[in-house]
Amino acid sequence: MSKKKQRTYQQDIVGDSINSLRKVVEPPKENGSHLMKYLLIGISAAFLFLMLALPLAVVVMNACKEGWDAYREAVMDEYTMKALQLTLLATVITVAVNTIFGLFASFLLSKFYFRGRQVLAALIDIPFSISPVIAGLVFILTFGNMGWMGDVLDKYNIKIVFAVPGVVLVTVFVTFPFVFRELFPVLNAQGKDEEEAAALMGAGGFTIFRRITLPHIKWALLYGIILCSARAMGEFGAVSVISGHLRGKTNTLPLHVEILYNEFNTTAAFAVSSILVLLAVLILVVKSLVEWKKE
Amino acid sequence: MYVEMKEICKTFDGFQASDHVSFGIEKGQMAALLGPSGSGKTTILRMLAGLDMPDSGDIMINGILVNDLPGNKRGIGFVFQNYALFRYMTVADNIAFGLEVQKKGKAEIKERVEELLELISMEDLGKRYPHQLSGGQKQRVAFARALAPRPGLLLLDEPFAAIDAKVRRELRNWLKEMIGRVGITSIFVTHDQEEAMEVANQVIIINQGKIEQIGTPKEICFHPQTEFVSDFIETDRWIV
Ligand SMILES: Nc1ncnc2c1ncn2[C@@H]1O[C@H](COP(=O)(O)OP(=O)(O)O)[C@@H](O)[C@H]1O
Ligand SMILES: [Mg+2]
Chain R
1 MSKKKQRTYQ QDIVGDSINS LRKVVEPPKE NGSHLMKYLL IGISAAFLFL
51 MLALPLAVVV MNACKEGWDA YREAVMDEYT MKALQLTLLA TVITVAVNTI
101 FGLFASFLLS KFYFRGRQVL AALIDIPFSI SPVIAGLVFI LTFGNMGWMG
151 DVLDKYNIKI VFAVPGVVLV TVFVTFPFVF RELFPVLNAQ GKDEEEAAAL
201 MGAGGFTIFR RITLPHIKWA LLYGIILCSA RAMGEFGAVS VISGHLRGKT
251 NTLPLHVEIL YNEFNTTAAF AVSSILVLLA VLILVVKSLV EWKKE
Chain G
296 MYVEMKEICK TFDGFQASDH VSFGIEKGQM AALLGPSGSG KTTILRMLAG
346 LDMPDSGDIM INGILVNDLP GNKRGIGFVF QNYALFRYMT VADNIAFGLE
396 VQKKGKAEIK ERVEELLELI SMEDLGKRYP HQLSGGQKQR VAFARALAPR
446 PGLLLLDEPF AAIDAKVRRE LRNWLKEMIG RVGITSIFVT HDQEEAMEVA
496 NQVIIINQGK IEQIGTPKEI CFHPQTEFVS DFIETDRWIV
């Protein structure tokens, strides 16, 4: 019975809710409480300054403290470059895997009704609720030497733990709900009517996806990809556990920063951090562009 | 009989949505599936269209057993309850879609789209998007889109439910005339007895997944066979 309710509900909201969601909510007319307004603005500004602007400024200032040459040396360092490469590699693979996976999962869970869909949806969210460090440990326990699949992997000479595949795997694990989470509500609100209508006219699965589903989800998809990339680049905990910190081999940028910092090489640590900051700013710009285009 | 349902049963998680449903509709008829909300009307329409599969029973369309035939091979046009227009396509592209997936020629598609836009008196609105249309216009587009591939059977699910009362009557007459002009066998679902009586020449009354009575509007009005039918149509009898 409840399933049916869902279907009708979806049918009812298909058209209008989407439009109403897009409408910008007008702030209520001001009624003289300027004090409150400025107080809130002040608090927000102070908070943002303290929590965001100040730390970012510190990163940049410390990175440049010893001058341009020192900065360049730290950034152009062989190990830094290797770490950057690995971070980008892990990010690209992660985003590709999670995009495909997120598309399939959100499509399945929003368009088909079957026993256990709630369970599946909850499973997909697990990485959000598990500490990344635990995620890393789980992978060691599964794929490590003493682990559950250790013998099999040993036999075929596949190395996952303390190697690049492990770094990629945990990054995928930690970030896999992002694309799904962005797509699912949008697909769910769309209902299946349009797809059914197209199927009744004889359209195949791929045509339906390309001409009906994709135009509907493209912004959400892009947004999910952006969030996923940002998170994948910055991942520390899980990667830290599984990588083994092998310089030039399994070090990602965040791990490299930590190592430099622990070696009291502060300037270099901040210089390398600034690469991550730069990537983050880049992602932020793309994200703003996407939001602006979407309007 | 152009359409025939024989002893169709369908359950959803143990809930009997169709209970030994049997009826037939002659070619060129306009039939109404009338019943209260939740009585199983949409389910019947979806099974005819191949969107849901019956648990048992047979469906014949145009003399062919279509039980195992996918929906797109049944020669059906379907107008969804909320029209389900493709919202990222223009009106013209909506109408053309069915022909495009059939790989018809460009010229042929263009001609058919223009012909249908003219039929629904929306020649100038082909470039609009669904969200730029009124409810009545959306319905007309949905109708044209369903007709574009020249189906033999038109199914309409509550075609007037989403339209406000003022234009409903007007649209109802329009649709009746259109279907008459095209001459297509049609089945439409409604929970509004007045609507069924006015538009259809055959009314199938359904309650809790069972057929209560089949007949012309007159027969139903003056000779209700079950208590449910007389109760259900009572309120409006004096109008007819
Ligand atoms: N996909 C479904 N899953 C579960 N129950 C359903 C489904 N479709 C219909 N039903 C049930 O079947 C009954 C009839 O539904 P429906 O055919 O949509 O009724 P109507 O169109 O007459 O309002 C409803 O009570 C509903 O609970
Ligand atoms: Mg219905």
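In order, the protein sequences belong to chains R and G. Counting from 1, position 129 in the first sequence corresponds to residue 129 in the working numbering; the numbering is continuous, with no gaps. Every position in the second sequence, counted from 1, becomes a number in the working numbering once 295 is added. Ideal Cβ placement from N, Cα and C applies to all residues, glycine included.
query                                                                                                                                                                                                             : result
Between residue 142 of chain R and residue 148 of chain R, what straight-line distance do the alpha-carbon atoms span, to the nearest angstrom?                                                                   : 5 Å
Write down every uninterrupted run of the beta strand (DSSP E) in the region 72 to 112 of chain R whose length is 3 residues or greater and which is fully enclosed by it, in chain order.                        : none
Starting from the Cα of residue 218 of chain R, find the closest Cα among R:35, R:56, R:102 and R:49 and give me that residue.                                                                                    : R:102
Based on Cα-Cα distance, which residue from G:443, G:418 and G:472 lies nearest to residue 495 of chain G?                                                                                                        : G:472
Using three-state DSSP, classify residue 429 of chain G as helix, strand or coil.                                                                                                                                 : coil
Got a sec: is the Cβ-Cβ distance from residue 367 of chain G to anything in chain R below 7 Å?                                                                                                                    : yes
What residue range is occupied by the uninterrupted beta strand (DSSP E) comprising residue 302 of chain G?                                                                                                       : 298 to 307
Report the option in G:423, G:317 and G:339 whose CA atom is closest to the CA atom of residue 307 of chain G.                                                                                                    : G:339
With a threshold of 7 Å between beta-carbons, can residue 196 of chain R be considered close to chain G, or not?                                                                                                  : yes
Check whether the region 114 to 121 of chain R and the region 164 to 175 of chain R are in contact - that is, three or more C-beta pairs closer than 8 Å.                                                         : no
Taking the alpha carbon of residue 466 of chain G as the point to measure from, which residue in G:305, G:421 and G:416 has its own alpha carbon closest?                                                         : G:416
Can you tell me whether residue 337 of chain G sits near ligand 2, meaning its C-beta is under 6 Å from at least one heavy atom of the ligand?                                                                    : yes
Taking DSSP as the reference, what is the three-state secondary structure of residue 368 of chain G?                                                                                                              : helix
Tell me the DSSP secondary structure of residue 118 of chain R in three-state form.                                                                                                                               : helix
Which chain R residues are close to residue 431 of chain G, counting only those with a beta carbon under 9 Å from its beta carbon?                                                                                : Chain R residues near residue 431 of chain G: none, gap ~14 Å exceeds 9 Å.
Is any beta-carbon of chain G found at less than 7 Å from that of residue 215 of chain R?                                                                                                                         : yes
Pick helix, strand or coil for residue 384 of chain G, following the three-state DSSP scheme.                                                                                                                     : coil
Within 6 Å: the Cβ of residue 307 of chain G and any heavy atom of ligand 1?                                                                                                                                      : yes
Keeping to the same chain, check which residues put their C-beta closer than 7 Å to that of residue 532 of chain G; ignore five residues upstream and five downstream.                                            : Summary for residue 532 of chain G: the model assigns pLDDT 48, below 50, so the residue's position carries little reliability, and this model does not support an answer.
Given the structure, does residue 96 of chain R come close to ligand 1, in the sense that its CB is under 6 Å from one of the ligand's heavy atoms?                                                               : no
For the region 134 to 141 of chain R against the region 231 to 248 of chain R, do three or more pairs of beta-carbon atoms, one drawn from each stretch, fall closer than 8 Å, so that the two count as touching? : yes
Is any non-hydrogen atom of ligand 1 found closer than 6 Å to the C-beta of residue 333 of chain G, if you look at the structure I gave you?                                                                      : yes
Counting contacts by CB-CB distance shorter than 7 Å, is residue 309 of chain G in contact with chain R?                                                                                                          : no
Give me the Cα-Cα distance between residue 442 of chain G and residue 324 of chain G, rounded to the nearest whole angstrom.                                                                                      : 16 Å
If you measure between the beta carbons of residue 504 of chain G and residue 313 of chain G, is that distance less than 7 Å?                                                                                     : yes
Go ahead and pull the three-state DSSP assignment for residue 295 of chain R.                                                                                                                                     : coil
For ligand 1, is there any heavy atom lying closer than 6 Å to the beta carbon of residue 456 of chain G?                                                                                                         : no
Can you check whether the C-beta of residue 201 of chain R is within less than 7 Å of a C-beta belonging to chain G?                                                                                              : yes
Can a CB atom of chain G be found closer than 7 Å to the CB of residue 77 of chain R?                                                                                                                             : no
Using a Cβ cut-off of 7 Å (strictly closer), state whether residue 212 of chain R contacts chain G.                                                                                                               : yes
Within 10 Å of its beta-carbon, does residue 194 of chain R have 16 or more other beta-carbons around it, so buried, or fewer, so exposed?                                                                        : buried
Using a Cβ-Cβ cut-off of 7 Å (strictly less than) and excluding sequence neighbours within five positions of residue 346 of chain G, which residues of its own chain qualify?                                     : 366
Apart from the five residues on each side of it in sequence, which residues of its chain come closer than 6 Å, Cβ to Cβ, to residue 291 of chain R?                                                               : none
Give a yes or no on whether 7 Å exceeds the smallest Cβ distance from residue 193 of chain R to chain G.                                                                                                          : yes
Grouping DSSP H, G and I as helix and E and B as strand, with all else coil, what is residue 316 of chain G?                                                                                                      : strand
Could you compute how far the alpha carbon of residue 315 of chain G sits from the alpha carbon of residue 204 of chain R?                                                                                        : 33 Å
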